[in-house]
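One structure below.
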Amino acid sequence: MRRHLLTMLHNSYLPRFPSVYRRPRGQKQKNIFPSIVSLKRLKENHSTPALTSSPVVNSADLEEGNQSSNKSIVKSRKDHDTFQRKENNLKRKRMSRTRKDVAGKEREKDQIRKRNIRLTRYRKQELLRDRTARRIARSQTDYRENERNRDSQTKRETRKRVSYRILERNRDAHAHREARKIDELKSKERARD
């Protein structure tokens with residue numbers, strides 16, 4: 001950082017820096033430049049790990065007294081770390097495994113994989129069958145509905161035709177009646193004359 005910026009920071013011209021921590025009301029302002037003493041304390045705290053004495057202590061150490069207390073085995077929490085546990089498990093597996101065991105396990109894995117593949121194939125075939133069956137059923141229902149619609153339309157048309165014919169017949173009959181009446185009237189008029 002440049003010198004003039006540093007001097008501004010040290011002289012507490014902080015509001016000129018927009019990204020700087022803003023103090024909320026009622027609380028102490030955060031110190032951006034910690035003192036050397038506080039930095040040393042932080043270093044010390046980080047450098048010394050929190051050690052816990054192991055519950056198991058050798059009997060020889062107990063007999064020695066003060067000397068043994070200085071030399072007593074101190075186990076940190078790092079020993080019980082997950083990484084350590086994983087390493088121990090791997091070692092155990094390496095010791096117990098043989099080539100035959102590995103081959104047997106590989107065979108089992110292959111069998112499971114093949115079974116899964118078979119199952120997935122069978123399921124896919126079933127799905128395809130179901131889809132085709134559904135399509136066929138849909139097409140059949142559509143065909144039946146279309147046939148019904150056609151039949152109903154033809155029935156309607158035939159009814160219309162029949163009703164039209166009946167109306168035509170009635171008109172013709174009425175016309176014939178009217179013609180007869182006219183003829184009768186004409187014949188009567190002729191007879192009078």
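Number 128 in full-length UniProt numbering belongs to position 128 of the sequence shown; there are no gaps in the numbering.
Here a beta-carbon is modelled for each residue, glycine too, at the ideal position from N, C-alpha and C.
Next on the checklist: Just to confirm the assignment, what range does the alpha helix (DSSP H) spanning residue 183 have?
Outcome noted: Where residue 183 is concerned, the enclosing alpha helix (DSSP H) stretches over 99-192.
Next on the checklist: For residue 105, which residues in the same chain have their Cβ closer than 7 Å to its Cβ, ignoring the five residues on either side in sequence?
Outcome noted: Cβ within range, chain order: n/a, list empty.
Item to check | Close beta carbons around residue 144, own chain, < 7 Å, minus the five adjacent residues each side | outcome: Counting only residues of its own chain and dropping the five nearest sequence neighbours on each side, residue 144 has no CB closer than 7 Å to any other CB.
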